[in-house]
Structures are given as structure tokens and as C-alpha cells.
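Undergrad: This structure is in C-alpha cells; I'll ask about it shortly.
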Amino acid sequence: MKILEKTELAPFTTMRVGGVADKICFPTSTDEVVNLMDGVLSKNEPWSLLGGGSNVLVSSDEIPGTVICTTGLNWIEHPGPDLLVVGSGVRLPRLSAYASRLGLSGMEFYEGIPGTVGGAVVMNAGAHGWSTHQILETVTILNLKTMRLDILTPKDINFGYRMSSINSTEQIVLSARYRLTKDTEEAIRSRMKENNLARQKSQPIKDPSAGCTFRNPIELNIPAGKILDSIGAKNWAIGSAQVSCKHANFVINLGNANSHDVCKLISKLQQAALEKYNILLKPEIKPLGIFDKSEAIIWTNADETVKNSFIITK
Numbered sequence: 018m019k020i021l022e023k024t025e026l027a028p029f030t031t032m033r034v035g036g037v038a039d040k041i042c043f044p045t046s047t048d049e050v051v052n053l054m055d056g057v058l059s060k061n062e063p064w065s066l067l068g069g070g071s072n073v074l075v076s077s078d079e080i081p082g083t084v085i086c087t088t089g090l091n092w093i094e095h096p097g098p099d100l101l102v103v104g105s106g107v108r109l110p111r112l113s114a115y116a117s118r119l120g121l122s123g124m125e126f127y128e129g130i131p132g133t134v135g136g137a138v139v140m141n142a143g144a145h146g147w148s149t150h151q152i153l154e155t156v157t158i159l160n161l162k163t164m165r166l167d168i169l170t171p172k173d174i175n176f177g178y179r180m181s182s183i184n185s186t187e188q189i190v191l192s193a194r195y196r197l198t199k200d201t202e203e204a205i206r207s208r209m210k211e212n213n214l215a216r217q218k219s220q221p222i223k224d225p226s227a228g229c230t231f232r233n234p235i236e237l238n239i240p241a242g243k244i245l246d247s248i249g250a251k252n253w254a255i256g257s258a259q260v261s262c263k264h265a266n267f268v269i270n271l272g273n274a275n276s277h278d279v280c281k282l283i284s285k286l287q288q289a290a291l292e293k294y295n296i297l298l299k300p301e302i303k304p305l306g307i308f309d310k311s312e313a314i315i316w317t318n319a320d321e322t323v324k325n326s327f328i329i330t331k
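So for the sequence shown, my numbering puts the first residue at 18; every next one is plus one.
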């Protein structure tokens, strides 16, 4: 297992923001994850979980203890004609391409999403009218209370819009089993291309970002991007953190952004939306590391699922 000490996390995130972690571990098997967590928990050490580095804001101040990076859990198995069993560290575009070569349809919406399977399951990632739970058959997790492997079905998990009931402080996703449908590779590739083109036209995919900043508020039935666009938020900036001019629901890193600037900008966006629409936008981005209370308020005031994230206030 690869281990890095006193290493910046920024290069391991899509937003390129993050301070120095005490230790980063890259397990490559289920046994390594179990042994690693057994040691961390027995010593009562702080720990954090990181996948592909998207949909997360890492503190620029400090990341105490051990960061477990799951990208080494990157196996793909094809046990049946319409089944794939996939390690939680497999990146979604790779998985989508793999499925297409087998003539398996259902993962076209993963094309262009920069996350990993583990994050996709926990966040019920989706696009173009599809969500992860629609193609999921089972999820294998490490239950940190019992230190046993559990196999969950979608009936065991409460899935919602960009969320699930999987508690990442108590359950670590190790792999997922998907059931897909047969189609021609040509037809699948065509849909993937359409999805990619739509993403390129509407999103700042070449700029470092964590993905969509906020979940779309179901109460208003208006996308968060349109809400922010209506208040003129595009190009708002604090330090090197800026609201994208291409899509208002993306905060991008102009080069030297830190988590303090990102949090201040997100808070400004929340306040503006609250004043105009009387709704507090809930971040889709999850926190990792130590944040002061003025930063953490962007999550703790708005997001009831923040208890499932790794956030320490000071």
C-alpha cells in the first residue's frame, strides 16, 4: 500500500484546493482497507475518506490524521452478460467506456462525471435524467461498527436527489454491482457523445472546480444555476475563487484559490439567493478537514446530511 506523509491534498482534488495531510494511504484491496481502518480506529486517530477528489472542498489549513484515498480500488469484473462488479475507486468515465465496449447500456450518463464509483453511490450521482440507484444492484461496504463486510441492496439504502443514507463516517463503500442492458456499442457511444457535448457546452469543464456547488432546490423547481444567474452571480469573485461565467453553479479556481476564499464566496451566494428567493441553497460539495465556524456555516446551516461528512470546526 502506497503511503505519503506530510503531503498537500490539492493535487488529488478536481478543484486543486487543499492543505497538507498528515498521511495519505492508497489501499488497493479490501483486506488493506480493513487492516488500515482497524489500526486507525483502534488508536482513535482522526481519519478522512477521499475518492476521485470531485464534489469535495478540502481545507487549506490542515487535514489531521490519515486520509484514505480509494482510487487504488480500481478493479472491474464482468461476472454475467449484463453485470459489472466494480471497485469503489474506479473513475466513472473509465467505467462508462468499459461498459460501452461490452455493449452494455445504462452508464452513458457517467460519461464526463469526474468522480469515482464510491462517491457516485454515496451521492447518488446522476445526469441527463439518470441516477446511480437506477442501475445499482448491490453495494459492498465495510461496516466500521462491526468491522464486517455487508452487502446492501437499493432497498436497504434511502436514495434521494444527490444523496443516500450511506453514512461515510460509519460505512465505507468498497464495491458496487451494476445490472445493465444490452445494446450496440455504436448506439451507446452515440449517447455518450451527446452527453459529453451537452456538458462541454454548458459547464466549465476545463477550469478547476469541485463540480456543481449547490444541489438544485426541489422546493422551487428551478435549477440552482438559474437562480444564481438571475441574481447576476456570474464572475463574482473573492480572491482566486470565482463563479464561472459559463455556469453560475460552478465555483472555479483561478489558480491560487484557498478554502477560505471558496467558503466566503459560497456564503455570499447563499445570502444573495436567500434575500431574493427566501431559500438557503444546500451545498452539493462536501467538506474535508478543519474549517473555522465562519466557513463551516455554509454546510451546518443548510445541509442536514453534513453529519455524514468529515468536518471539524475550530
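Ideal placement from N, C-alpha and C gives every residue a C-beta, glycine not left out. Keep in mind the model is a prediction, meaning the values are calculated, not measured.
Rounded to whole angstroms, what's the CA-CA distance from residue 88 to residue 280? Just pull it up for me.
TA: Position 71 of the sequence shown holds residue 88. Position 263 of the sequence shown holds residue 280. When rounded, the distance between both Cα atoms is 26 Å.
Undergrad: Closest to residue 48 by CA distance: which of 213, 226, 222 and 159 is it?
TA: The residue you call residue 48 lines up with position 31 of the sequence shown. Checked all of 213, 226, 222 and 159; the closest Cα to residue 48 is 159.
Undergrad: Below 8 Å on the Cβ atoms is my contact criterion, and I expect residue 294 with residue 237 to pass it. Report the Cβ-Cβ distance as a whole number of Å.
TA: Numbered from its first residue, the sequence shown carries residue 294 at position 277. Numbered from its first residue, the sequence shown carries residue 237 at position 220. Right, the Cβ-Cβ distance comes to about 6 Å (below 8 Å), so this counts as a contact.
Undergrad: Do you know offhand how far residue 272's Cα is from residue 137's?
TA: Reading the sequence shown from its first residue, position 255 is the one you call residue 272. Reading the sequence shown from its first residue, position 120 is the one you call residue 137. C-alpha separation (whole angstroms): 27 Å.
Undergrad: How would you write the range of the alpha helix (DSSP H) that residue 195 sits in, first residue to last?
TA: For the purposes of this step, residue 195 is identified with residue 178 of the sequence shown, where counting begins at 1. Looking at the DSSP string, residue 195 is not in any alpha helix (DSSP H); the run it does join, the beta strand (DSSP E), is 188-196.
Undergrad: For residue 30, tell me which candidate among 181, 50, 45 and 77 has the shortest Cα-Cα distance.
TA: Counting from 1 along the sequence shown, the entry for residue 30 is found at position 13. If we check each option's Cα against that of residue 30, 77 comes out closest.
Undergrad: Decide yes or no for the touch test of the region 188-206 against the region 256-269: beta carbon pairs closer than 8 Å, at least 3 of them.
TA: Because the criterion of three Cβ pairs below 8 Å is not met, the region 188-206 and the region 256-269 do not touch.
Undergrad: Tell me the rounded alpha-carbon separation between residue 262 and residue 276.
TA: Translated into positions along the sequence shown, residue 262 becomes position 245. Translated into positions along the sequence shown, residue 276 becomes position 259. Taking the straight line joining both Cα atoms gives about 20 Å.
Undergrad: What is the rounded straight-line gap between the Cα of residue 324 and the Cα of residue 65?
TA: Position 307 of the sequence shown, counted from the start, is the residue given in the question as residue 324. Position 48 of the sequence shown, counted from the start, is the residue given in the question as residue 65. Bear in mind that a pLDDT of 43 at residue 324, under 50, signals an unreliable position, so the model cannot answer this.
Undergrad: Is any heavy atom of the ligand MN found at a distance shorter than 7 Å from the C-beta of residue 243?
TA: For the structure depicted, the ligand MN is absent and the ligand set is empty, with no information on it obtainable.
Undergrad: Might you give, ordered along the chain, the residues of its own chain that have their beta carbon closer than 8 Å to the beta carbon of residue 219, omitting 5 neighbours on each side?
TA: Your numbering for residue 219 matches position 202 in the sequence shown. Here the set comprises 263 and 264.
Undergrad: Could you tell me the alpha carbon to alpha carbon distance between residue 185 and residue 139, rounded to whole angstroms?
TA: Translated into the one-based positions of the sequence shown, residue 185 becomes position 168. Translated into the one-based positions of the sequence shown, residue 139 becomes position 122. Their Cα atoms are separated by approximately 8 Å.
Undergrad: Helix, strand or coil for residue 24, going by three-state DSSP, please let me know.
TA: Looking up residue 24 in the sequence shown gives position 7. Strand, per DSSP.
Undergrad: According to DSSP, simplified to helix, strand and coil, what is residue 118?
TA: Translated into the one-based positions of the sequence shown, residue 118 becomes position 101. Three-state DSSP puts residue 118 in a helix.
Undergrad: Where does residue 324 sit, in a helix, a strand or coil, going by DSSP?
TA: Position 307 of the sequence shown, counting from 1, holds the residue named residue 324. Residue placement at residue 324 cannot be trusted, given a pLDDT of 43 that sits under 50; what the coordinates show is reported in the next sentence. Helix, per DSSP.
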